[in-house]
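The sequence shown maps to residues 410 to 766 in our numbering.
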Amino acid sequence: MTRGSTGPGTGFTRRINRNNGETVRLLVTGGAGFIGSNFIHYVLSHHSDWQVANLDKLTYAGNLTNLDDVQSDPRYRFAKGDINDRKLVSNLLSQGFDTIVNFAAESHVDRSIMDASPFIETNIVGTQVLLEGARQSGIKLFLQVSTDEVYGSTDSNAFTEETCLAPNSPYAASKAAADLLCRAYWRTYGLPVIITRCSNNYGPYQFPEKLIPLVVTNALEMKQIPIYGDGLNVRDWIYVEDHCRAIDIVIQKGKPGEIYNVGVGSERTNLELVYKLLDILGRPKSMVTFVADRPGHDRRYAIDATRISRELGWQPAFSYESAIGDTVNWYIKHEAWWRRVKSGEYLDYYKRMYSGK
Ligand code: NAD
Ligand code: DAU
């Protein structure tokens, strides 16, 4: 995002440099979800002087047990609430946060195809409420956690930060709209906004509607593994801690107004990935069932992460080979976690999503 030459906030064009011992007061939204909870763990174990407040509505995807081990940490606190609640957001932000990391979102493509409305409410309107609150309270950095899905699908070059936005699902369109609002708040008001666009994450605490935990837990339960279409769609799989470290580096060294792609070039077809998971678990390939394709299904995501690596020095630390095995083991060891998550609302969703496919 290039900042306009006129308008307020020109002074924000300098890089943020937090290496001066300054305490960071973070407001994390959506911190009870998959990446948000991993990020809170990451921050508390890597920055002894940072403080973290977590604002989360606790939708079906939010799970406070993900944060059981940090509940009593004096550097951490939780507030239950909706990012669409202007009064709540404004009250919270009057408490002196300097950085907002916005993870809060409706995040599942298939749900957005069933009903786009909550995606518009949270991902677009909610982001605008946060941006406005940030503007009123004079925040130092607003970090919008976006996704490679805003670029659409590619059959040739990897996405750079200059690739045109061409979202194909209601989820991706809602995230693209939020990115454009972030850009507008930077250009118009000089609000120091940074956007990160990451590829597909995997790791602990991922809600089992997403491919990897769905496959692992179904395989453990000896249930069929539904694969959409021909199974040859390609995703770039990144271990969640590598994503968390990228966000941490962006908070410390990122340039306001900038966009940073995050990806590791670990492209796999869905079939390749699923067969690998079944192999680790010692389950037969015959558990795979090909089902009707996802409408508008993006064929391939591919990320060029040159900017974050060259300008901020970020590099992935985890290899696919070891991290995918560790992830499978995490789900094996945390059976009570996923059994609880897979009961209730999930059962109803699973029936609606997969019956008749
Ligand atoms: P998730 O669905 O696991 O978690 C979302 C969290 O947001 C939940 O805790 C939920 O309760 C909370 N939330 C939802 N609506 C809210 C609202 N109105 N107010 C407050 N809290 C609300 O999602 P995730 O996979 O952890 O993704 C987090 C963010 O990262 C999202 O913005 C997503 O678009 C982005 N992202 C995800 C991936 C991925 O592979 N999962 C990749 C790139 C970017
Ligand atoms: O690329 C980043 C995005 O990755 C994030 O922005 C999204 O929040 C996150 O959900 C994820 O989106 P995908 O649609 O790529 O992830 P999902 O796990 O839903 O699907 C991965 C691939 O697997 C995709 O090609 C669809 C396919 N799939 C998925 C499910 C749930 C199946 O074949 N069968 C399934 O049952």
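Even glycine gets a Cβ: it sits at the ideal position worked out from N, Cα and C.
DSSP places W747 in the helix class (H, G or I) of the three-state scheme. In this structure, D557 is the residue among K584, D557, A586 and I647 with its C-alpha nearest to the C-alpha of T572. When rounded, the separation of the alpha-carbon atoms in P601 and A628 is 45 Å. For the set T563, R486, P693 and G666, the Cα lying nearest the Cα of Y598 is the one of G666. If you ignore the 5 residues before and after Y469, its C-beta comes within less than 7 Å of the C-beta of E754, all in its own chain and listed in chain order. Runs of the alpha helix (DSSP H) lying entirely within the region 557-640 and spanning at least 4 residues, in chain order: 579-598 and 620-629. According to DSSP, residue pairing for I712 in a beta bridge involves F568. Not a single heavy atom of the ligand NAD lies less than 6 Å from the C-beta of F506.
When DSSP reads this structure, T438 sits in a beta bridge with L464 and N511. When I668, I533 and N679 are compared, the shortest CA-CA separation from T715 is found for I668.
Excluding residues up to 5 positions away in sequence, R434 and K549 lie with their Cβ nearer than 6 Å to the Cβ of D507 in the same chain. In this chain, the alpha helix (DSSP H) harbouring N447 covers F443 to H455. The beta carbons of L464 and Q537 sit no closer together than 7 Å.
For A488, the uninterrupted beta strand (DSSP E) segment begins and ends at Y485 to K489. Of the candidates D519, A543, G722 and S608, A543 places its Cα closest to the Cα of V510.
Assignment of beta-bridge partners to F699 by DSSP yields I636. When C-beta atoms of the region 562-571 are compared with those of the region 469-488, fewer than three pairs fall below 8 Å, so the two segments do not count as touching. Under the three-pair Cβ rule at 8 Å, the region 742-761 does not count as touching the region 672-691.
The DSSP-derived three-state label of I492 is coil. For I668, the three-state secondary structure derived from DSSP is strand. Taking 6 Å as the cut-off, the C-beta of D639 does not count as close to any heavy atom of the ligand DAU. By the Cβ rule, the region 718-725 does not count as touching the region 436-455, because fewer than three pairs are nearer than 8 Å. For Y648, the uninterrupted beta strand (DSSP E) run begins and ends at V643 to Y648, by DSSP. The Cβ atoms of A525 and V559 do not sit closer than 7 Å to each other. In this structure, the straight-line span from the alpha carbon of E676 to that of W646 is close to 7 Å. Exclusion of the five residues before and after N609 leaves R644 and W646 as the residues of its chain whose Cβ lies within less than 6 Å of its Cβ. In this chain, the beta strand (DSSP E) harbouring E676 covers E676 to T678. In chain order, P613 place their CB closer than 7 Å to the CB of W739, counting only its own chain and leaving out the 5 sequence neighbours on each side. Distances taken from the Cβ of C607 to the heavy atoms of the ligand NAD include one shorter than 6 Å. A distance below 7 Å separates the beta carbons of D519 and M762. The continuous alpha helix (DSSP H) containing W739 extends over residues Y729 to K742. By DSSP's assignment, Q553 forms a beta bridge with N511 and I604. Judged by DSSP secondary structure, T536 falls within the alpha helix (DSSP H) whose first and last residues are T536 to S546. Judged by the Cβ position, V518 qualifies as a neighbour of the ligand DAU at the 6 Å threshold, a heavy atom of the ligand being closer than this.
DSSP places V518 in the uninterrupted alpha helix (DSSP H) bounded by V518 to M523.
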